[in-house]
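Chemist: Sharing a structure, written as C-alpha cells. Questions coming.
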Ligand SMILES: Cc1cc2nc3c(=O)[nH]c(=O)nc-3n(C[C@H](O)[C@H](O)[C@H](O)COP(=O)(O)OP(=O)(O)OC[C@H]3O[C@@H](n4cnc5c(N)ncnc54)[C@H](O)[C@@H]3O)c2cc1C
Ligand SMILES: Cc1cc2nc3c(=O)[nH]c(=O)nc-3n(C[C@H](O)[C@H](O)[C@H](O)COP(=O)(O)OP(=O)(O)OC[C@H]3O[C@@H](n4cnc5c(N)ncnc54)[C@H](O)[C@@H]3O)c2cc1C
Ligand SMILES: Cc1cc2nc3c(=O)[nH]c(=O)nc-3n(C[C@H](O)[C@H](O)[C@H](O)COP(=O)(O)O)c2cc1C
Ligand SMILES: Cc1cc2nc3c(=O)[nH]c(=O)nc-3n(C[C@H](O)[C@H](O)[C@H](O)COP(=O)(O)O)c2cc1C
Ligand code: FES
Ligand code: FES
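Residue numbers (the numbering used here), protein chains in the order written: chain Y, 5 to 307; chain U, 5 to 307; chain G, 6 to 273; chain H, 6 to 273.
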C-alpha cells in the first residue's frame with residue numbers, strides 16, 4: 005500500500021483529498037453516501053458571522069462541462085454552526101476546515117475569534133474570493149493590498165492555521181499569492197470560481213437571479229491548473245489546488261503541478277461519493293506506477 | 005426576411021457573424037466548405053511582420069468542452085500575405101479583417117503600415133492578447149498602460165479602423181477596454197483565449213510543447229459572456245464578442261449582452277461550415293420571434 | 006437515501022416525447038414514498054454535468070418507474086437507454102406528499118399538468134391502497150400530452166382530463182376542470198388536493214384551494230445541483246412561522262403545503 | 006474535400022477493441038486515395054469537442070470503411086454506432102501515398118503496426134489493381150492485435166506477421182520481420198516501402214530504409230484540430246530543400262518520404 009498522507013506543515017492529512025467549501029454542505033449531508041473519516045478532510049460551507057439569506061433563485065445554471073452558481077453564501081452563521089453543527093463534526097476523525105467569510109475585515113476577525121474558542125477545527129480557510137456577494141463580483145482577492153489587509157488581521161486574531169483562498173479572476177495570481185504569504189498565510193488554496201454569466205435568449209433575462217455567478221467544474225480545470233502551477237513554483241507555503249477535479253488523474257495533475265493537497269468541489273454534487281472514488285483512482289495509480297509515497301510526486305512536472 | 009446587418013460605425017456587416025482569427029486560416033482553406041461571401045466577414049490568422057516558426061508540438065490538447073492551443077502564431081508574415089494571399093481575398097465580397105501581431109510597438113506599426121498600402125482590408129484587429137508567445141503568457145492587454153501605448157501608436161500609423169482584441173486573463177476587463185477606447189480604438193474585440201495548462205500524468209510532462217496555452221471553446225463561454233456584458237455596458241465603441249460560440253443561441257446571448265457583432269472560433273475547426281449553420285440559427289430565431297432588425301436586440305438584457 | 010449505481014432497466018414504454026422507464030432498485034424502492042424523487046445520472050462524462058431530478062412515478066415490488074418528457078439533452082440521453090442497461094441514481098430524495106392514514110374513505114383530488122402526472126400516479130396507487138377515494142384530473146396542451154390517460158382509465162381510476170385545444174376531455178385548463186369538479190362535488194369537498202405541474206398551474210391551484218378553503222399540497226420544481234441538501238441551489242420562498250425564507254426544495258420538499266409557498270411576481 | 010454530414014453506416018464488424026465501420030459516402034469515395042484520411046464527428050454535442058482523424062481503410066463502389074482501435078472516449082463513442090445510423094465526416098483529407106504507375110510489376114512492402122494496418126489495406130488493394138506485387142507485414146503486441154490477419158490471407162495477399170509475445174507469427178517487432186523480408190528478398194529489394202504505426206516503429210522503418218537505400222513513405226499521426234489546414238495544430242518537423250520546418254501533417258501529409266521526417270529526440 006502506498007503512503008497517501010500529505011503534510012501541510014501545520015496539518016498532516018490522511019490523504020490529499022479534501023471536499024471543497026460550498027459543495028459539501030456541513031459534511032453531514034454526505035454521511036448517507038460515504039464514510040467521512042476516509043477523506044483527507046473537508047471544508048464546510050462558507051460562514052459569515054450571522055445567518056445569511058443568499059441570492060434569489062435561479063441560483064444554478066449548467067453550462068458545457070461546467071456549473072455557474074450564485075448561491076450567495078446562504079447559511080446559518082457561525083453561532084448556529086457552533087451550537088448545532090460543530091458538536092457532530094467533533095466526533096469525526098478527519099480534518100474539518102471552516103470556510104470563513106466576511107463583508108469587512110472586522111467580520112472575518114469576528115468569525116475567526118468565535119471559532120477560536122472551539123475544538124475540533126483543523127484550520128480556517130479564509131474565503132476572500134467569493135464572486136457572488138458584490139454586484140460586480142469584486143472581492144478582497146482582487147488586489148494584493150486588500151488580500152494582505154484581510155490576511156494580516158485574521159492571522160493576528162486566530163490561534164489556528166489560516167488557509168487563504170484566492171480568486172482566479174485576476175491578472176497576476178502569483179502577486180496575490182505572494183501578498184497572502186507575506187501577510188502570514190499558512191497555506192494558499194486556489195481557485196475559487198470564475199465570474200460568469202448566462203442569458204436566456206427567450207426572455208432576455210440573466211439565467212441567474214443574481215445576474216453574475218461563479219463557474220466551476222471540468223470546464224475550468226485547465227485554467228485552474230495553470231494558476232496552481234504558477235503559484236506553486238513561486239510561494240514557499242503549501243498550495244491546495246482545485247478547480248474541476250473529476251478523477252484521480254486530475255488530482256495527480258494538480259499535485260505534479262505543485263499542489264500538496266487538493267479540493268474536490270462540483271463533483272461532490274454529481275456524485276456524493278466522488279471524493280472516495282477519486283481517492284481510489286489515486287491509489288490505483290500509485291500501485292500501478294509503484295509510487296510508495298504520494299508526496300514524492302508533488303511539483304515534479306518536467307518542463 | 006429579417007434584416008441581419010449590423011453597423012459598426014466604421015464598417016457595415018451583412019450579418020454579425022465573423023470567423024475568428026487563427027481558427028479560419030487565411031479564409032481560403034474554407035472555400036471547399038462554404039461560400040465565404042455569405043459571412044459577415046472573417047479575421048485572418050495573426051500576422052507578424054516576418055514569417056514565424058511557431059511553437060514545438062504538441063500544439064493542441066482537448067479538454068472538457070474546450071481546446072487548449074499553443075500554436076505560437078506560426079505564419080507567413082505580412083509580406084508573403086500581401087503577395088500571395090491578399091490578391092485572392094480582394095476578390096471576395098465580405099469584410100476581410102487582418103489580425104495584427106507584434107513583439108514590440110514598432111512591429112505592430114510596421115505590420116499596419118505595410119497593410120495600409122493595400123486595398124481590400126476592412127479593418128485591422130490588433131492582437132495584444134495572445135497567450136502563446138511570452139513564456140508566462142503575458143501580453144500588452146494585461147495592463148491599461150501597455151494597451152494604451154500599443155493602440156495609440158497603431159492608430160497614429162493606420163489609415164484603417166482599428167479593432168483592439170483583449171485578453172480575458174485580467175482582473176478588470178473594463179479598465180483595459182476603457183484604456184483601448186481612450187487611445188483611439190474603433191472597436192473592442194473580446195475575448196482571446198484563457199491561459200491554461202494540461203499535464204500528462206504518465207510522463208509528468210506538460211501536454212503542450214509550449215507548456216502553457218490558450219483555452220477556447222464552449223467551456224469558456226460563460227466567462228467570456230460576462231466580460232462582454234461588463235465591457236459593453238461601459239464603453240461607447242462597438243464591442244465584438246466571442247468565446248465558445250457554438251450555436252445561434254450563443255450569438256444571441258452575446259448580442260443581448262451588448263455585442264454588435266461576434267466571432268466564431270473553435271467551432272470552425274470542428275465544422276468548417278459552422279458560421280453558416282450558426283447564421284441560419286440566428287435567422288430562424290428572428291423569424292420565430294418576429295424580430296425585423298437584428299440590431300434591435302443589441303444590449304437588451306433585462307437585469 | 007442511497008446511491009444505486011446499477012439499477013437495471015427492465016421496461017421501457019414511450020409515447021412521442023414521453024417515456025416510461027422501469028428498473029430494479031430494491032433498496033431505494035423499499036423506502037420510496039409518493040412525491041419523492043430520484044437524481045439520475047444521464048452521462049458517464051462531465052457533459053451534461055448534473056444529474057437530472059425525476060419524480061418517482063411507480064413502484065412494484067423492487068421495481069421503480071420514472072415517467073418523463075424529453076425537455077433537453079439530459080432527458081434525451083435518458084430516453085435512449087434500453088432494457089438491460091443500468092441507471093445510476095440517488096434516492097429516494099425529499100419528503101413527498103403528506104399521506105395521512107385518516108384520508109381513508111375520504112375524497113382526494115390529484116391535479117396533474119403534463120409531465121406533472123408523473124408523481125401523482127404513484128400517489129394515486131398508494132391512496133387507493135389506503136382506501137381514499139382518489140380522483141385524478143389530468144391536463145395538457147393537446148391529446149398527445151396525455152399519454153397516460155388510457156392506462157389510468159383502464160386501471161379503474163376515477164379520472165377526467167382537459168386539453169387546451171379540446172382534442173380530448175374538457176377544452177381549457179386543468180384548473181378549470183378542478184373548479185368544475187369541486188362545484189360538482191357539492192357537499193363533499195376533497196379532503197386534500199395534491200398537484201404537480203408548471204408553476205402557473207400550481208399558482209392557480211393554490212388560489213382555488215385558498216378560495217375554497219381546501220388543504221392542498223404542491224409538488225414544486227427547481228434547478229437542482231445535488232438533490233440532497235448540500236448546495237442550496239434549489240431554493241423556493243416558503244413561509245414558515247410567519248417568516249418567508251429560501252427553503253431547499255430537494256430536502257424540505259419538493260412537496261409543500263400550498264399556503265406556505267410564496268410566489269415571486271415573475272421568475273427571472 | 007467535402008463535408009458529408011450523413012454518411013449512412015452499412016456495415017460493422019468488431020474484434021475486441023478493434024472496429025470496422027463501412028458507410029456510403031459517394032462524393033468522398035469518388036476522390037479517395039490510399040493514405041488519405043477522414044475527420045469524423047464523434048458527438049453532436051461539444052463534448053468530446055474535436056472530430057477524430059481516421060485513415061481510409063477501404064473503398065468499394067460508393068462505400069468507404071474505417072478500421073480503428075478504441076483509444077479513448079472519441080473512438081469509444083464511434084464504436085457504439087450501428088448500421089442505419091449516419092456519420093458526419095470531412096474527407097478525403099491529406100495527400101496519401103505516392104502511388105506511381107510504374108510500380109506495376111514491382112515488389113512493394115507495406116509495414117503496419119497495430120491499428121497502423123488501417124490505411125495499408127486500402128493501399129494494398131490499389132497496388133494490386135495496379136499490378137504491383139505487394140507484400141504486407143503486420144505486427145502487434147499479441148494475436149488479438151492482428152484482427153485482420155485472416156482476412157488478408159483469405160483475400161490472397163502475400164502476408165506475414167509478428168507479435169511481441171510470439172502468439173502468432175514471428176516473435177518480435179514488425180521491423181525485425183521487415184529486415185528478414187528484405188534479406189530473404191535478396192536480389193530484388195522492394196521498389197517502395199509504405200509504413201504506418203506508432204512513432205518508434207516508423208523511426209525504425211526509416212532507419213532500415215536509409216540503411217538499405219530503399220525509398221519509403223511513412224504515414225504519421227499527430228493531434229489534429231481541423232484536419233484541413235486551418236489551425237496549424239498538427240505540425241511535424243519536415244526537411245524540405247535542406248530546411249527543417251513545421252509542416253502541417255493534415256495538408257502536406259499524413260504521408261511523407263521517410264528521409265524528410267525529422268524525429269525529435271523525445272516527444273514531449
Ligand atoms: C423534484 C423534481 C421532480 C421532477 N420530476 C419530473 C418527472 O417526473 N418527469 C419529468 O418529465 N420531469 C420532471 N422534472 C423536470 C426535469 O427534471 C427536467 O425536465 C429535466 O431536468 C430537464 O433536463 P434536460 O437536460 O432534459 O433539459 P435541459 O434544459 O437541457 O437542462 C438544463 C439544466 O436545467 C435543469 N432544468 C431544466 N429544467 C428544469 C426543471 N423544470 N426542473 C429542474 N431542473 C431543470 C437541468 O437539471 C439542467 O441542469 C422534475 C424536476 C424536479 C425538480
Ligand atoms: C491522420 C491520422 C489517421 C489516423 N488513422 C487511424 C486509423 O485508421 N485507425 C485508428 O485506430 N486510429 C487512427 N488514428 C489515431 C486516432 O485518430 C486516435 O486514436 C483517436 O483520435 C483517439 O481519440 P479518442 O477520443 O478515442 O482518444 P482520446 O485519447 O480521448 O483523445 C484525446 C485527444 O487526443 C487526440 N488524439 C489522441 N491520440 C491521438 C493520435 N494518436 N493521433 C491523433 N490524435 C490523437 C484526439 O483527437 C483527441 O483530441 C489516426 C490519426 C491520424 C492523425
Ligand atoms: C454550489 C457552490 C457553492 C460554493 N460555495 C463556496 C463557499 O461557500 N466558499 C468558498 O470558498 N467556495 C465556494 N465554492 C467554490 C468551491 O469551493 C471551489 O472553489 C470551486 O467550485 C472550484 O472547484 P470545482 O470546480 O471542483 O467545483 C462553491 C462552489 C459551488 C459550485
Ligand atoms: C487554434 C487557435 C489559434 C488562434 N490563433 C489566434 C490568432 O492568431 N490571433 C488571435 O487574435 N486569436 C487567435 N485565437 C483566438 C481566437 O481567435 C478566439 O479569440 C478564441 O479562440 C475564443 O473563441 P472560441 O472559443 O470561439 O474559439 C486562436 C484560437 C485557436 C483555437
Ligand atoms: S439541489 Fe442542492 S441543496 Fe437542493
Ligand atoms: S489539423 Fe488543423 S492544420 Fe492540420
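Note that beta-carbon positions come from the ideal geometry of N, C-alpha and C, so glycine has one too.
1) Thinking C-beta only, is residue 263 of chain G closer than 7 Å to residue 211 of chain G?
2) Report, in whole angstroms, the separation of the C-beta atoms of residue 161 of chain U and residue 104 of chain U, which I expect to be a contact under 8 Å.
3) Using 7 Å as the threshold, is the C-beta distance between residue 102 of chain G and residue 161 of chain G below it?
4) So residue 82 of chain H is in the alpha helix (DSSP H); what residue range does that whole segment cover?
5) Compare the C-beta of residue 26 of chain G with all C-beta atoms of chain Y and state if any pair is closer than 7 Å.
6) Between residue 231 of chain H and ligand 6, is there a pair consisting of the residue's CB and a ligand heavy atom that are separated by less than 6 Å?
7) Which same chain residues end up closer than 7 Å to residue 231 of chain Y when comparing Cβ atoms and leaving out the 5 residues on each side of it in sequence?
8) Comparing the CB of residue 24 of chain Y with every heavy atom of ligand 3, is any distance shorter than 6 Å?
9) For the beta strand (DSSP E) containing residue 72 of chain G, name the first residue and the last one.
10) For residue 7 of chain H, go through chain U and note every residue whose CB falls closer than 9 Å to its CB, in chain order.
11) So for residue 59 of chain Y, helix, strand or coil by DSSP?
12) Tell whether a beta-carbon distance below 7 Å holds between residue 113 of chain G and residue 142 of chain G.
13) Identify whether residue 41 of chain Y lies in helix, strand or coil by the three-state DSSP scheme.
14) What residues from chain U crowd round residue 67 of chain Y, counting only those whose CB sits closer than 7 Å?
15) Taking just the CA atoms, how far does residue 190 of chain Y sit from residue 125 of chain Y?
16) Excluding the 5 residues preceding and the 5 following residue 107 of chain G in the sequence, name in chain order all residues of the same chain whose CB lies nearer than 7 Å to its CB.
17) Per DSSP, what are the beta-bridge partners of residue 36 of chain U in this structure?
18) Quick one: which residues of the stretch 25-57 of chain G get their C-beta closer than 7 Å to a C-beta of chain H? List them in chain order.
19) Note down, in chain order, each residue of its chain lying with its Cβ closer than 6 Å to the Cβ of residue 276 of chain H, except the 5 sequence neighbours on either side.
20) Are there any heavy atoms of ligand 4 lying less than 6 Å away from the beta-carbon of residue 239 of chain H, as far as the coordinates show?
21) Do we get a CB-CB distance below 7 Å when we pair residue 274 of chain U with the residues of chain H?
22) How many whole angstroms separate the CB atoms of residue 31 of chain G and residue 69 of chain Y, which I take to be in contact at a CB cut-off of 8 Å?
23) Check whether the Cβ atoms of residue 33 of chain G and residue 88 of chain G sit closer than 7 Å, and answer yes or no.
24) Along chain Y, which residues have their Cβ under 7 Å away from the Cβ of residue 268 of chain G?
25) I'd like the list of long-range same chain contacts for residue 138 of chain H, defined as Cβ closer than 6 Å, with 5 residues on each side in sequence excluded.
26) Rounded to whole angstroms, how far is the Cβ of residue 302 of chain U from the Cβ of residue 259 of chain U, which I believe are closer than 8 Å?
27) Any chance you could list the residues with Cβ under 5 Å from a heavy atom of ligand 1, keeping chain order?
28) Against chain Y, which members of the stretch 219-252 of chain G pass a CB distance test of less than 9 Å?
29) Do the stretch 216-231 of chain H and the stretch 195-208 of chain H make contact, defined as three or more Cβ pairs closer than 8 Å?
30) Is residue 211 of chain U near ligand 4, going by C-beta to nearest heavy atom under 6 Å?
31) So, are the CB atoms of residue 305 of chain Y and residue 255 of chain Y less than 7 Å apart?
32) Measuring from the CB of residue 50 of chain Y, is there a heavy atom of ligand 3 at a distance below 6 Å?
33) Measure the CB-CB distance between residue 56 of chain H and residue 45 of chain H and report whether it falls below 7 Å.
34) Could you please tell me which residues of the stretch 71-100 of chain G, in chain order, have their CB closer than 8 Å to any CB of chain Y?
35) Tell me the DSSP secondary structure of residue 208 of chain G in three-state form.
36) Under 7 Å between C-beta atoms, does residue 49 of chain U make it to chain Y?
Modeler: The answer reads as follows:
1) Against a cut-off of 7 Å, the Cβ pair of residue 263 of chain G and residue 211 of chain G comes out as a contact.
2) Contact between residue 161 of chain U and residue 104 of chain U does not hold, since the beta-carbon distance rounds to 11 Å and is not under 8 Å.
3) No Cβ-Cβ contact shorter than 7 Å links residue 102 of chain G with residue 161 of chain G.
4) Unbroken alpha helix (DSSP H) run through residue 82 of chain H: 78-84.
5) For residue 26 of chain G, the answer is no, since every Cβ of chain Y falls outside 7 Å of its Cβ.
6) With a threshold of 6 Å, the Cβ atom of residue 231 of chain H counts as near ligand 6, since some heavy atom of the ligand is closer than that.
7) Counting only residues of its own chain and dropping the five nearest sequence neighbours on each side, residue 231 of chain Y has a CB closer than 7 Å to the CB of 172, 177, 194 and 195.
8) With a cutoff of 6 Å, residue 24 of chain Y counts as near ligand 3, since its C-beta is closer than that to a heavy atom of the ligand.
9) Counting along the chain, the unbroken beta strand (DSSP E) around residue 72 of chain G starts and ends at 68-74.
10) Within chain U, the residues 36 and 37 have their CB atoms less than 9 Å from the CB of residue 7 of chain H, given in chain order.
11) In the three-state reduction of the DSSP assignment, residue 59 of chain Y falls in the coil class.
12) Going by C-beta atoms, residue 113 of chain G is not nearer than 7 Å to residue 142 of chain G.
13) DSSP, read as helix, strand or coil, puts residue 41 of chain Y in helix.
14) The answer, in chain order, is 225 and 226.
15) Their backbone Cα atoms lie some 15 Å apart in a straight line.
16) Nothing meets the Cβ criterion.
17) Within the DSSP bridge table, the entry for residue 36 of chain U names no partner.
18) Going along the stretch 25-57 of chain G in chain order, one finds 50 and 52 with a Cβ nearer than 7 Å to chain H.
19) Because chain H spans 6 through 273 in this model, residue 276 of chain H falls outside it and cannot be assessed.
20) Incorrect: residue 239 of chain H has no Cβ contact closer than 6 Å to ligand 4.
21) The Cβ of residue 274 of chain U sits closer than 7 Å to at least one Cβ of chain H.
22) Not confirmed; about 33 Å, so no contact.
23) The Cβ atoms of residue 33 of chain G and residue 88 of chain G do not sit closer than 7 Å to each other.
24) Here the premise fails: no neighbours, minimum Cβ distance about 12 Å.
25) 112, listed in sequence order.
26) Under the criterion of beta carbons closer than 8 Å, residue 302 of chain U and residue 259 of chain U qualify as touching, at roughly 5 Å.
27) With the cut-off at 5 Å, the residues found are Y:66, G:42, G:55, G:57, G:58, G:59, G:60, G:73, G:74, G:76, G:77, G:78, G:79, G:80, G:120, G:123, G:226, G:228 and G:259.
28) Taking 9 Å as the Cβ-Cβ cut-off against chain Y, the residues of the stretch 219-252 of chain G that qualify are 227, 228, 229, 230, 231, 232, 233, 234, 235, 236, 237, 238, 239, 240, 241, 242, 250 and 251.
29) At 8 Å Cβ cutoff, the stretches touch.
30) No, the beta carbon of residue 211 of chain U sits no closer than 6 Å to any heavy atom of ligand 4.
31) For residue 305 of chain Y and residue 255 of chain Y, no; Cβs fall outside 7 Å.
32) In this structure, residue 50 of chain Y has its CB closer than 6 Å to one or more heavy atoms of ligand 3.
33) Contact flag set, yes.
34) Cβ contacts with chain Y: 95.
35) Helix.
36) Using a CB distance cut-off of 7 Å, residue 49 of chain U does not count as an interface residue toward chain Y.
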